[in-house]
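Residue numbering for the sequence shown is 61 to 275, as defined by this note's numbering. Just so you know, even glycine gets a beta-carbon here, dropped at the ideal spot from N, CA and C. Following: one structure in structure tokens, then a few remarks.
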Amino acid sequence: MDMRLILLGPPGAGKGTQAKLLAEKFNIQQISTGDILRQAVKNKTKMGLKAKSYMDQGKLVPDNVVIGIIKDRLDNADCSKGFILDGFPRTIQQAESLSQALKQMEIDIDHLIDIEIGFDYLIRRLTGRWTCRECGEGYHKMSNPPKKKGVCDKCDGELYQRDDDKEETIQKRFEVYRKETEPLKDYYQKNGKLNAIKGDGGIQEIFSRITNLIT
Ligand code: ADP
Ligand code: ADP
Ligand code: ZN
């Protein structure tokens, strides 16, 4: 079954965690602009070098860069059976470009899911987050620890704490979220597709909320 999803929500809401579970369950591609940008930074590509300073400061990477990434990915044959966007769109401009691109491809999004959760939870989630340097899998030191400390369950890669997951950068990211990304809720509400789910509770509990909503 084709399935095209968008996950919205503030930094730390669990978008990446849920996107990976959904990608596996429905056999669709996870497209995370954050993961793609971090790979580019790691590989020191031209795009990566440009993006790094924005990311380190907790600012958004310019729209034209991320829109380019998404158009490239959506064109890829592996997305023909469906995809889940996690971390894109983050601005109205990005949402409009996405809708144009989808129109050209004659496809549509099936579900937009907004994960709602208070900022007090998010600080704990982000400061305890460990990320795999190789595959991007996310862990949490308390709520979602790896089997072996510092090592990815999936690929044996090294786990690290993201530079932008320190408290002062987190505050900046929240500010950017409120200003640039939160208005997307109204934007999407207007075409009636937005569904909100509560983001508190365990990972499996939230996964059930989402799958109940979309199946
Ligand atoms: P989180 O999951 O914690 O919200 P992401 O991994 O999605 O973080 O994003 C990390 C950083 O990458 C952002 O702070 C931003 O600098 C950049 N980024 C990711 N996605 C986008 C996007 N759609 N538009 C602009 N910048 C982005
Ligand atoms: P986002 O992609 O929205 O920034 P992540 O999926 O990376 O968020 O989750 C942020 C952190 O919170 C990670 O350390 C992750 O392991 C943890 N986490 C995700 N979902 C939950 C949950 N339901 N309960 C507790 N911790 C969670
Ligand atoms: Zn890994």
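Nearest-angstrom beta carbon gap, residue j and residue i [assumed within contact, 8 Å]
i, j, result
"Ile144", "Leu67", "7 Å"
"Gly128", "Ser92", "The Cβ separation is near 15 Å, so there is no contact."
"Val125", "Lys110", "7 Å"
"Phe86", "Gly142", "6 Å"
"Arg189", "Arg222", "7 Å"
"Tyr220", "Thr187", "That belief does not hold up - the Cβ atoms of Tyr220 and Thr187 are roughly 14 Å apart, past 8 Å."
"His171", "Leu65", "5 Å"
"Gly94", "Ala100", "Contact flag wrong, Cβ pair sits at about 11 Å."
"Lys232", "Gly72", "Going by Cβ atoms, the distance from Lys232 to Gly72 rounds to 13 Å, so no, they are not a contact pair."
Proximity below 8 Å, CB of residue i to CB of residue j
i, j, result
"Arg98", "Leu120", "no"
"Ile173", "Ile266", "no"
"Ala161", "Leu134", "yes"
"Gly259", "Glu197", "no"
"Cys215", "Glu242", "no"
"Leu244", "Ala137", "no"
"Asp132", "Gln153", "no"
Residue i classed as buried or exposed, judged by whether at least 16 other C-beta atoms fall within 10 angstroms
i, result
"Pro70", "buried"
"Lys239", "exposed"
"Thr77", "buried"
"Lys80", "buried"
"Tyr237", "buried"
"Met282", "The chain is shown from 61 up to 275; residue 282 falls before or after that span and cannot be answered."
"Gln90", "buried"
"Thr229", "buried"
"Asp224", "buried"
Element boundaries [alpha helix (DSSP H), containing residue i]
i, result
"Tyr248", "243 to 249"
"Gly128", "123 to 135"
"Gln164", "152 to 165"
"Glu84", "75 to 86"
Run of the beta strand (DSSP E) containing residue i, from where it starts to where it stops
i, result
"Lys258", "254 to 258"
"Tyr199", "198 to 200"
"Phe52", "Residue 52 cannot be examined here, being either before or after the span of the chain that is shown, 61 to 275."
"Gln90", "89 to 92"
Bridge partner(s) assigned by DSSP for residue i
i, result
"Leu219", "Cys192"
"Asp174", "Leu68, Ala256"
"Met63", "Gly142"
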